[in-house]
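Engineer: Residue numbers (the numbering used here), protein chains in the order written: chain A, 889 to 1126; chain U, 889 to 1126.
Don't be surprised by glycine CBs; every beta carbon is placed ideally from N, CA and C.
Encoded as structure tokens, here's the structure I'll be asking about.
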């Protein structure tokens, strides 16, 4: 496990500002994690009550983003952080945006759940959703854990897992197009499953983004737009 | 037109840092704008050479993002900006992320163009792409202009235009599902058009995000997760 020691400051208030940012990001992350789980349950069980609840909670996530962003601006303006402290604040600014988008994607899945509970289930695709859902839930849980522990190795594992999700997504999509061809009357319903799968694939992308932010935070390396192999090489070079 | 006067600094170097950030964002924006136009041309004319070029240029956009982000971190660390200067740097950090995503979406459209030039054209949906493409191109051009002039009114118009794009998207999707039902053999090809339309809808969303960043920059108001009517009220209240 990597250890990032945020600089110790003469002002204890500054330390507690940074600690507060971190713990609030983890609270927001936990909320997003539950939203994804609930949205997937709503889709699988065609439960529109759970789905409506996901849609309501989405506002809370938005509020978390706005509040945390404001706090980051305050810390930048009042504390003028440098080095690893500055990276911490910048990481939080970027990370909450990814978390908020993940919440949006969970909400999209919930909306598909409501539409499918109205129109009747799709003729297939649920296995694919379940399978991709499990992979993506693992990624989200793991990347939040990596942030909590400033763990670069674990962040790297998340970036690797995203490739697997992308492969699963491509194979699920091929499978699902055949359902549409076999029974064109169910195209509209199958499209809902496609949007849910797409949302999961996007949640995977955002988890990978967060993994990249964590690597930037701990090692000061910008690894965006870099393949997993190259990231590994860059990390080993230091 | 609104005027934001970035604070004048004892250090002329600081002024030129901020000016450089602004002009480089506009260069990056111009690049993204051209990518969208070229990707749409490639799709419409089934021209895989133009499409391949879009995919290549995408790397340049990624490099712009990384470089600008680095410059923002430097300004924060060395100049410790406050008030409107700090908002300027934070706006650039957020805006370049939206621009980079818009570039990604243009690249997705280019990929669909290549696949359709290989498999033969889709049986329909091109009118919808053309129509939504024109709306979205206007939004992108307009929001970059609003940033260049720090023009809140124009930013508000872009936020309004996004609602229109969302409506067009919903209506295009309904239309396109009927093509699939009428001829299930062409489902795979029609799906490419659906992904292109989805990419355009996302580019519209990112333009709206940028419009919101501009309002934050000029007026210091966070208007994310707020309806256009509420934004208008908030702006008039000041």
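Is the shortest distance between the beta-carbon of residue 1110/U and the beta-carbons of chain A less than 8 Å?
Structural biologist: Here residue 1110/U is taken as the residue at index 222 of the second chain, counted from 1. True, the Cβ-Cβ gap to chain A drops below 8 Å.
Engineer: Within 8 Å, do at least three Cβ pairs link the segment 1082-1094 of chain U to the segment 1000-1018 of chain U?
Structural biologist: yes
Engineer: Under 8 Å, with one C-beta from each stretch per pair, do the segment 942-953 of chain A and the segment 1062-1075 of chain A reach the 3-pair mark?
Structural biologist: With a cut-off of 8 Å on Cβ pairs, the segment 942-953 of chain A is not in contact with the segment 1062-1075 of chain A, counting fewer than three such pairs.
Engineer: What does residue 1084/U reach in chain A if we use C-beta pairs closer than 9 Å?
Structural biologist: Walking along the second chain from the start, residue 1084/U turns up at place 196. Correct list: empty, because the minimum Cβ distance to chain A is about 14 Å.
Engineer: Contact between the segment 1116-1125 of chain U and the segment 950-962 of chain U: three or more CB pairs below 8 Å?
Structural biologist: Short answer: they don't touch.
Engineer: Kindly indicate if chain A contains any beta-carbon less than 8 Å away from that of residue 978/U.
Structural biologist: Your numbering for residue 978/U matches position 90 in the second chain. Judged by the 8 Å Cβ criterion, residue 978/U is in contact with chain A.
Engineer: What in chain A is Cβ-close to residue 968/U, meaning under 7 Å?
Structural biologist: To locate residue 968/U, count along the second chain from 1; it is residue 80. Ordered by position in chain A, the residues that pass the 7 Å Cβ test against residue 968/U are 968.
Engineer: Kindly examine the ligand NAP and report whether one of its heavy atoms sits closer than 7 Å to the Cβ of residue 974/U.
Structural biologist: What this structure holds is no ligand at all, so the ligand NAP is not there to describe.
Engineer: State yes or no: is the beta carbon of residue 902/U nearer than 8 Å to at least one beta carbon in chain A?
Structural biologist: In the second chain, residue 902/U corresponds to position 14, counting from 1. Not closer than 8 Å to any Cβ of chain A, the Cβ of residue 902/U fails to qualify, so no.
Engineer: Which residues, taken in chain order from the segment 1094-1125 of chain U, show a beta carbon closer than 9 Å to some beta carbon of chain D?
Structural biologist: Note that chain D does not occur in the displayed structure, where the protein chains are A and U.
Engineer: Taking residue 1030/A as part of the alpha helix (DSSP H), name the residues at either end of that continuous run.
Structural biologist: Position 142 of the first chain, counted from the start, is the residue given in the question as residue 1030/A. Its alpha helix (DSSP H) spans residues 1014-1036.
Engineer: What does a CB cutoff of less than 6 Å around residue 1111/A pick up in its chain, not counting 5 residues either side in sequence?
Structural biologist: Indexing the first chain from 1 puts residue 1111/A at position 223. Around residue 1111/A: 1100, 1103, 1119.
Engineer: Using the Cα positions of residue 956/A and residue 1055/U, report the straight-line distance between them to the nearest angstrom.
Structural biologist: Here residue 956/A refers to the residue found at position 68 when the first chain is read from its first residue. Here residue 1055/U refers to the residue found at position 167 when the second chain is read from its first residue. If I take the Cα positions, the gap works out to 32 Å.
Engineer: Put residue 1108/A into one of helix, strand or coil per three-state DSSP.
Structural biologist: Mapped onto the first chain, residue 1108/A falls at position 220. Correct three-state label for residue 1108/A: coil.
Engineer: With a CB to CB cut of under 6 Å and the five nearest residues on each side skipped, what residues in its chain are close to residue 982/U?
Structural biologist: Counting from 1 along the second chain, the entry for residue 982/U is found at position 94. The answer, listed in chain order, is 1101.
Engineer: According to DSSP, is residue 1072/A part of a helix, a strand, or is it coil?
Structural biologist: In the first chain, counting from the first residue as 1, residue 1072/A sits at position 184. Three-state DSSP puts residue 1072/A in a helix.
Engineer: Could I get the ranges of all uninterrupted alpha helix (DSSP H) runs contained in the segment 935-1010 of chain A, with 4 residues as the minimum, in chain order?
Structural biologist: Listed in chain order, the complete alpha helix (DSSP H) runs (minimum 4 residues) inside the segment 935-1010 of chain A are 936-967, 971-1007.
Engineer: How big is the Cα-Cα spacing for residue 1020/U and residue 937/U?
Structural biologist: Taking the second chain and counting its residues from 1, one reaches residue 1020/U at position 132. Taking the second chain and counting its residues from 1, one reaches residue 937/U at position 49. If I take the Cα positions, the gap works out to 23 Å.
Engineer: Can you tell me whether residue 911/U is helix, strand or coil according to DSSP?
Structural biologist: As a first step, residue 911/U is located in the second chain; it is residue number 23 there, counting from the start. Three-state DSSP puts residue 911/U in a helix.
Engineer: Do the segment 1028-1035 of chain A and the segment 916-936 of chain A make contact, defined as three or more Cβ pairs closer than 8 Å?
Structural biologist: yes
Engineer: Does DSSP put residue 1094/A in a helix, in a strand, or in coil?
Structural biologist: Counting from 1 along the first chain, the entry for residue 1094/A is found at position 206. Residue 1094/A falls in the helix class under three-state DSSP.
Engineer: Report the neighbours of residue 943/A on chain U: residues whose CB is nearer than 9 Å to its CB, in chain order.
Structural biologist: Mapped onto the first chain, residue 943/A falls at position 55. The contacting residues do not exist; residue 943/A stays about 14 Å from chain U at best.
Engineer: Which residues mark the beginning and the end of the alpha helix (DSSP H) in which residue 1123/A is found?
Structural biologist: Translated into the one-based positions of the first chain, residue 1123/A becomes position 235. 1116-1125 is the span of the alpha helix (DSSP H), which, as asked, contains residue 1123/A.
Engineer: With DSSP as the reference, label residue 904/A as helix, strand or coil.
Structural biologist: One-based indexing of the first chain puts residue 904/A at position 16. In this structure, residue 904/A counts as helix in the three-state DSSP scheme.
Engineer: Where residue 900/U and residue 1107/U are concerned, what is the direct C-alpha to C-alpha distance, given to the nearest angstrom?
Structural biologist: Looking up residue 900/U in the second chain gives position 12. Looking up residue 1107/U in the second chain gives position 219. About 24 Å.
Engineer: How close, in whole Å, do the beta carbons of residue 950/A and residue 988/A come, if the pair is a contact with beta carbons under 8 Å?
Structural biologist: The sequence position of residue 950/A within the first chain is 62, counting from 1. The sequence position of residue 988/A within the first chain is 100, counting from 1. Correct: roughly 7 Å between the Cβ atoms.
Engineer: Label residue 1024/A either buried or exposed according to how many other C-beta atoms from any shown protein chain fall within 10 Å of its C-beta, with 16 as the threshold for buried.
Structural biologist: Counting from 1 along the first chain, the entry for residue 1024/A is found at position 136. Counting Cβ neighbours within 10 Å, residue 1024/A comes out buried, since at least 16 surround it.
Engineer: Could you give the C-beta distance for residue 1050/U and residue 986/U, rounded to a whole number, given that I count them as a contact under 8 Å?
Structural biologist: Mapped onto the second chain, residue 1050/U falls at position 162. Mapped onto the second chain, residue 986/U falls at position 98. Going by Cβ atoms, the distance from residue 1050/U to residue 986/U rounds to 13 Å, so no, they are not a contact pair.
Engineer: Looking only at C-alpha atoms, which of 1077/A, 904/A, 1098/A sits nearest to residue 1004/A?
Structural biologist: By 1-based counting over the first chain, the position of residue 1004/A is 116. The residue with the shortest Cα to Cα distance from residue 1004/A is 1077/A.
Engineer: According to DSSP, is residue 1039/A part of a helix, a strand, or is it coil?
Structural biologist: Reading the first chain from its first residue, position 151 is the one you call residue 1039/A. Coil.
Engineer: So with Cβ pairs under 8 Å, would you call residue 925/U a contact of chain A?
Structural biologist: Counted from its first residue, the second chain places residue 925/U at position 37. No - not a single Cβ of chain A is within 8 Å of the one on residue 925/U.
Engineer: Quick one: Cα of residue 861/U to Cα of residue 968/A, how far?
Structural biologist: Residue 861/U is absent from the structure shown; chain U starts at 889 and stops at 1126.
Engineer: Residue 931/U and residue 1040/U - do their beta-carbons sit closer together than 8 Å?
Structural biologist: On the second chain, residue 1040/U is found 152 positions in, with the first residue counted as 1. On the second chain, residue 931/U is found 43 positions in, with the first residue counted as 1. No; because the gap between Cβ atoms is not below 8 Å, this pair is not in contact.
Engineer: Would DSSP call residue 899/U helix, strand or coil?
Structural biologist: As a first step, residue 899/U must be located in the second chain, where it is residue number 11. Here residue 899/U sits in coil by DSSP.
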